[in-house]
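Visitor: Heads up: the protein sequence lines correspond to chains A and B, in order.
Here numbering that gives the first Met the number 0 is used: the first residue of the first sequence is 0, the next is one more, and so on.
Here numbering that gives the first Met the number 0 is used: the first residue of the second sequence is 0, the next is one more, and so on.
Glycine residues also receive a C-beta, built at the ideal position from the N, C-alpha and C atoms.
Nothing here was measured: the structure is a model prediction, and the numbers come from that model.
Structure in structure tokens, see below.
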Amino acid sequence: MVLYGVAALALCMLVGMLIGDVLGVAVGVDANVGGVGFAMILLVVATDRLRKRGLFPKPTEQGVLFWSALYIPIVIAMASTQNVAEAIGGGPMAAIAGLGALAAGAALVPVISRIGGQSEPLPAMTEAEKAEA
Amino acid sequence: MDIIADVLERNGLLFAFVVVGGLMMISGWLSKTLTRGRLQGSAIAIMLGLVLAYFGGIQTGGESGLADIAIFSGLGLMGGAMLRDFAIVATAYGVDLQEIKKSGAAGVLALLAGIVVSFIVGAAVAAAFGYTDPESMATIGAGAATYIVGPVTGTAIGASSEVIALSVAAGLIKAVVVMVCTPLIAPFIGLNNPKSAMAYGGLMGTTSGVAGGLAATDKRLVPYGAMTATFYTGLGCLLGPSVFYFALVGLFG
Chain A
0 MVLYGVAALA
10 LCMLVGMLIG
20 DVLGVAVGVD
30 ANVGGVGFAM
40 ILLVVATDRL
50 RKRGLFPKPT
60 EQGVLFWSAL
70 YIPIVIAMAS
80 TQNVAEAIGG
90 GPMAAIAGLG
100 ALAAGAALVP
110 VISRIGGQSE
120 PLPAMTEAEK
130 AEA
Chain B
0 MDIIADVLER
10 NGLLFAFVVV
20 GGLMMISGWL
30 SKTLTRGRLQ
40 GSAIAIMLGL
50 VLAYFGGIQT
60 GGESGLADIA
70 IFSGLGLMGG
80 AMLRDFAIVA
90 TAYGVDLQEI
100 KKSGAAGVLA
110 LLAGIVVSFI
120 VGAAVAAAFG
130 YTDPESMATI
140 GAGAATYIVG
150 PVTGTAIGAS
160 SEVIALSVAA
170 GLIKAVVVMV
180 CTPLIAPFIG
190 LNNPKSAMAY
200 GGLMGTTSGV
210 AGGLAATDKR
220 LVPYGAMTAT
230 FYTGLGCLLG
240 PSVFYFALVG
250 LFG
């Protein structure tokens, strides 16, 4: 049943968000701390166990994969609803602060990636994966 | 005309699927013909989306880009935080937990370094533009972290509303440039494996920026980047009005 997959995904997300909100309250900030991260870990662990017991058949899996495939369209919709006008209206100081943070952060990526040994690049995308993107 | 607009408004989410589908088709075609596939279709689609968001914002004076125009309001639901996070979590399906454990230390360090570096860069830029009081420097530094950390910090320490608005603008600029620039800088910073994606998510922190940027680079990296980015805003809201503000007061107060 496809809906079981969607329901499992939604449940993981809700529990993750709840953990994130509780953690936010615990440390005294008005923000969700790591909700999406906890939800992802829950999903990976839960589906892994269910799959091993044969309780996560292909149709159920489709319910999760459908939303994964919708990720890029959703991000495009997100881009079209950003407050770009205000971002640009912030003037040169806002632009330099934002760009500077990006440049400084990006420069640190190779440094931090080196911790714990180099990682192999992912294999090139297959034609099927490219078609999906 | 009124009848058409009415149908589109009542079925906003469905129209949003059509609009995004159209955008993706145009982008795929542009990617093949103009860049010979070098720039992914999704990267072009995200840029087109941002351009449309700009005109939507200019047109209406609203905060939600194209979604402020009534017939496009469904884009706000489709691209809103709920479905975005739902889809991000879905991308984690099938991810190897070992990979995340292996990169855990790098991820935590990336988070801390990312927040501290953004704070410092933002505060330095603020000072360079004449905002030399600790409240303004801390708020704009926090805005350079994300557009949520900025106002949270500014409100907590009593910065002026003008400075808070600037901090939001700085955070929005960061989100937009991270979306656009990630696929362009990825080859130069080794952003092609799960560990560097975790480092990238932690260093950038802006969920929308990282979500868009990694989608335009390689969708398989999304769950790793999102995993660390999701802690960033919370941690920033914790450190901004406290450690960071007190450090600035100690140095310049």
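1) Going along the chain, which unbroken runs of the alpha helix (DSSP H) with 4 or more residues stay wholly within the region 192-221 of chain B?
2) Starting from the beta carbon of B:V253, find every residue of chain A whose beta carbon is closer than 7 angstroms, and list them in chain order.
3) Scan the region 76-90 of chain A for residues whose Cβ lies nearer than 9 angstroms to a Cβ of chain B and list them as they occur along the chain.
4) In three-state terms, what does DSSP make of B:T145?
5) Could you tell me the alpha carbon to alpha carbon distance between B:G249 and A:S67, rounded to whole angstroms?
6) Going by C-alpha to C-alpha distance, which of B:A196, B:Y244, B:L238 sits closest to B:M266?
7) Determine the contact status of A:A96 and B:A169, defining contact as a CB-CB distance below 8 angstroms.
8) Could you tell me how far apart the beta carbons of B:S166 and B:T138 are, in whole angstroms, since I believe they sit closer than 8 angstroms?
9) Going along chain B in order, which residues have a C-beta closer than 9 angstroms to the C-beta of A:Y162?
10) If you drop the 5 nearest sequence neighbours on each side, which residues of the same chain put their C-beta closer than 6 angstroms to that of B:Y223?
11) Assuming A:I73 contacts B:M77 under a Cβ cut-off of 8 angstroms, what Cβ separation, rounded to an integer in Å, is found between them?
12) At what residue ranges does the region 18-70 of chain B contain a whole run of the alpha helix (DSSP H), taking only runs of 4 or more?
13) Answer with yes or no whether the minimum CB distance from B:G224 to chain A is below 8 angstroms.
14) Relative to the C-alpha of A:N82, which candidate in B:I87, B:D67, B:F85 has its C-alpha closest?
15) For A:P72, report the span of its alpha helix (DSSP H) as first-last.
16) For a cutoff of 8 angstroms on Cβ pairs, would you count A:I18 as touching chain B?
17) So, does the CB of B:E161 fall closer than 8 angstroms to a CB anywhere in chain A?
18) Any C-beta of chain A sitting closer than 8 angstroms to the C-beta of B:V175?
19) What separation, rounded to the nearest whole angstrom, lies between the Cα atoms of A:R113 and B:L183?
20) Using 8 angstroms as the threshold, is the C-beta distance between B:G55 and B:G64 below it?
Guide: Looking at the atomic coordinates:
1) Listed in chain order, the complete alpha helix (DSSP H) runs (minimum 4 residues) inside the region 192-221 of chain B are 193-203, 206-216.
2) Outside the shown range of chain B, which is 0 to 252, sits residue 253 of chain B, and nothing can be said about it.
3) Those residues of the region 76-90 of chain A that come within reach of chain B (Cβ to Cβ, closer than 9 angstroms) are A76, M77, A78, S79, T80, Q81, N82, V83, A84, E85, A86, I87, G88, G89, G90.
4) If you number the second sequence from 1, residue 145 of chain B lands on position 146. B:T145: coil per DSSP, three-state reduction.
5) As a position in the second sequence, residue 249 of chain B is number 250, starting the count at 1. As a position in the first sequence, residue 67 of chain A is number 68, starting the count at 1. Spanning the two alpha carbons is a distance of roughly 47 angstroms.
6) With chain B represented from 0 up to 252, any question about residue 266 of chain B goes unanswered, as that position is not in the structure.
7) The residue you call residue 96 of chain A lines up with position 97 of the first sequence. The residue you call residue 169 of chain B lines up with position 170 of the second sequence. Yes, the Cβ-Cβ distance between A:A96 and B:A169 is below 8 angstroms.
8) The residue given as residue 166 of chain B occupies position 167 in the second sequence. The residue given as residue 138 of chain B occupies position 139 in the second sequence. Indeed, because the Cβ distance is near 5 angstroms, the residues count as touching under 8 angstroms.
9) Chain A is shown from 0 up to 132; residue 162 of chain A falls before or after that span and cannot be answered.
10) One-based indexing of the second sequence puts residue 223 of chain B at position 224. Closer than 6 angstroms at Cβ, skipping near neighbours: P193, A196, M197.
11) For the purposes of this step, residue 73 of chain A is identified with residue 74 of the first sequence, where counting begins at 1. For the purposes of this step, residue 77 of chain B is identified with residue 78 of the second sequence, where counting begins at 1. Indeed, because the Cβ distance is near 6 angstroms, the residues count as touching under 8 angstroms.
12) The alpha helix (DSSP H) runs of length 4 or more contained entirely in the region 18-70 of chain B are, from start to end of the chain, 40-59.
13) Locating residue 224 of chain B in the second sequence gives position 225, counting from the first residue. So, not an interface residue.
14) Here residue 82 of chain A is taken as the residue at index 83 of the first sequence, counted from 1. Per the C-alpha coordinates, the member of B:I87, B:D67, B:F85 positioned closest to A:N82 is B:D67.
15) Along the first sequence, one-based indexing puts residue 72 of chain A at 73. Counted as a single uninterrupted DSSP element, the alpha helix (DSSP H) harbouring A:P72 occupies residues 70-78.
16) Reading the first sequence from its first residue, position 19 is the one you call residue 18 of chain A. Using beta-carbon distances, A:I18 does not count as an interface residue toward chain B, since no partner is under 8 angstroms.
17) Residue numbering aside, residue 161 of chain B sits at position 162 when the second sequence is read from its first letter. It does not: the Cβ of B:E161 has no partner Cβ on chain A nearer than 8 angstroms.
18) Walking along the second sequence from the start, residue 175 of chain B turns up at place 176. Put simply, the CB of B:V175 is near chain A, with a gap under 8 angstroms to one of its CB atoms.
19) Residue 113 of chain A sits at position 114 when you count from the first residue of the first sequence. Residue 183 of chain B sits at position 184 when you count from the first residue of the second sequence. When rounded, the distance between both Cα atoms is 21 angstroms.
20) The count along the second sequence starts at 1 and reaches residue 55 of chain B at position 56. The count along the second sequence starts at 1 and reaches residue 64 of chain B at position 65. In this structure, B:G64 lies closer than 8 angstroms to B:G55 by Cβ.
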